[in-house]
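**Student:** Attaching a single structure in structure tokens format; questions to follow.
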Amino acid sequence: QKEVEQNSGPLSVPEGAIASLNCTYSDRVSQSFFWYRQYSGKSPELIMSIYSNGDKEDGRFTAQLNKASQYVSLLIRDSQPSDSATYLCAVRENSGGSNYKLTFGKGTLLTVNP
Amino acid sequence: EPEVTQTPSHQVTQMGQEVILRCVPISNHLYFYWYRQILGQKVEFLVSFYNNEISEKSEIFDDQFSVERPDGSNFTLKIRSTKLEDSAMYFCASSELRDTQYFGPGTRLTVL
Numbered sequence: 333q334k335e336v337e338q339n340s341g342p343l344s345v346p347e348g349a350i351a352s353l354n355c356t357y358s359d360r361v362s363q364s365f366f367w368y369r370q371y372s373g374k375s376p377e378l379i380m381s382i383y384s385n386g387d388k389e390d391g392r393f394t395a396q397l398n399k400a401s402q403y404v405s406l407l408i409r410d411s412q413p414s415d416s417a418t419y420l421c422a423v424r425e426n427s428g429g430s431n432y433k434l435t436f437g438k439g440t441l442l443t444v445n446p
Numbered sequence: 411e412p413e414v415t416q417t418p419s420h421q422v423t424q425m426g427q428e429v430i431l432r433c434v435p436i437s438n439h440l441y442f443y444w445y446r447q448i449l450g451q452k453v454e455f456l457v458s459f460y461n462n463e464i465s466e467k468s469e470i471f472d473d474q475f476s477v478e479r480p481d482g483s484n485f486t487l488k489i490r491s492t493k494l495e496d497s498a499m500y501f502c503a504s505s506e507l508r509d510t511q512y513f514g515p516g517t518r519l520t521v522l
């Protein structure tokens, strides 16, 4: 059973601070990693994807991947109250064939305090 | 910006009734998916669909569930005889290739 683990939080940070969200996964063949943001009662909204070891930056967001440690993280710089949401880590294996499903973690609830 | 749409936004049904949830994927996308999220729980994969056939399904997707692409734009999920435990948010997603999946707004299914 492939598992994706996240600290459920809540993670509380002051406005303007850096929020750090972490995710570990159990399946070594996992190759593609995604961070989604989900506001309460809404659908997952893609923030970033990352496929290679290292860092990937997009605006205030930086995703970090370490395949050897089976670890993915998301940093949010200059956190804003509008960033308050649940952040979902999702993992997909590229084992060939037609297996493209995403396996999600339960999510980390982030609260940014004004 | 193109987006996945879903109807209805909320469906209330009696246990044992059939429901059909509808989705219009992004127009140039080739892969289609259904996920569900029971309140307070993880988003769970149900089924993926490519080239007019199911490419993978989870153990949740039993004989009570079916999917169809009846025309060039719609993608539907049918639950033949709903149970109380089918109450959840159902999300449709699509992707252009074997890549990033974009989610629709969801249908909240309530089974009474």
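First to last, the sequence lines map onto chains A and B. Numbering-wise, the first sequence is residues 333 to 446 according to the working numbering. Numbering-wise, the second sequence is residues 411 to 522 according to the working numbering. Every residue, glycine too, gets a C-beta built ideally from N, C-alpha and C. As the structure is a computational prediction, the values presented were derived from the model and not from experiment.
Mind the definition here: the segment 365–377 of chain A touches the segment 435–444 of chain B only if three or more C-beta pairs lie below 8 Å; say whether that holds.
**Tutor:** Touching, no, given that fewer than three Cβ pairs across the two stretches are closer than 8 Å.
**Student:** Strictly by DSSP, which residues pair up with T486/B?
**Tutor:** R432/B and E478/B
**Student:** If I follow the unbroken beta strand (DSSP E) through N398/A, where does it start and stop?
**Tutor:** F393 to N398
**Student:** Taking only three categories from DSSP, how would you classify L522/B?
**Tutor:** coil
**Student:** Determine the DSSP secondary structure at D473/B, reduced to helix, strand or coil.
**Tutor:** coil
**Student:** For Q511/B, go through chain A and note every residue whose CB falls closer than 7 Å to its CB, in chain order.
**Tutor:** L434
**Student:** Compare the C-beta of L378/A with all C-beta atoms of chain B and state if any pair is closer than 8 Å.
**Tutor:** yes
**Student:** Between which residues of its own chain and Y403/A is the CB-CB distance below 6 Å, once the five residues before and five after are set aside?
**Tutor:** Cβ neighbours of Y403/A beyond the five flanking positions: T356.
**Student:** State the Cα-Cα distance for the pair F485/B and E466/B, rounded to the nearest angstrom.
**Tutor:** 16 Å
**Student:** Count the other CB atoms within 10 Å of the CB of G450/B; is the residue buried (16 or more) or exposed (fewer)?
**Tutor:** exposed
**Student:** State yes or no: is the C-beta of V362/A within less than 8 Å of the C-beta of V423/A?
**Tutor:** Reading off the sequence, residue 362/A comes out as Ser, not Val. Going by C-beta atoms, S362/A is nearer than 8 Å to V423/A.
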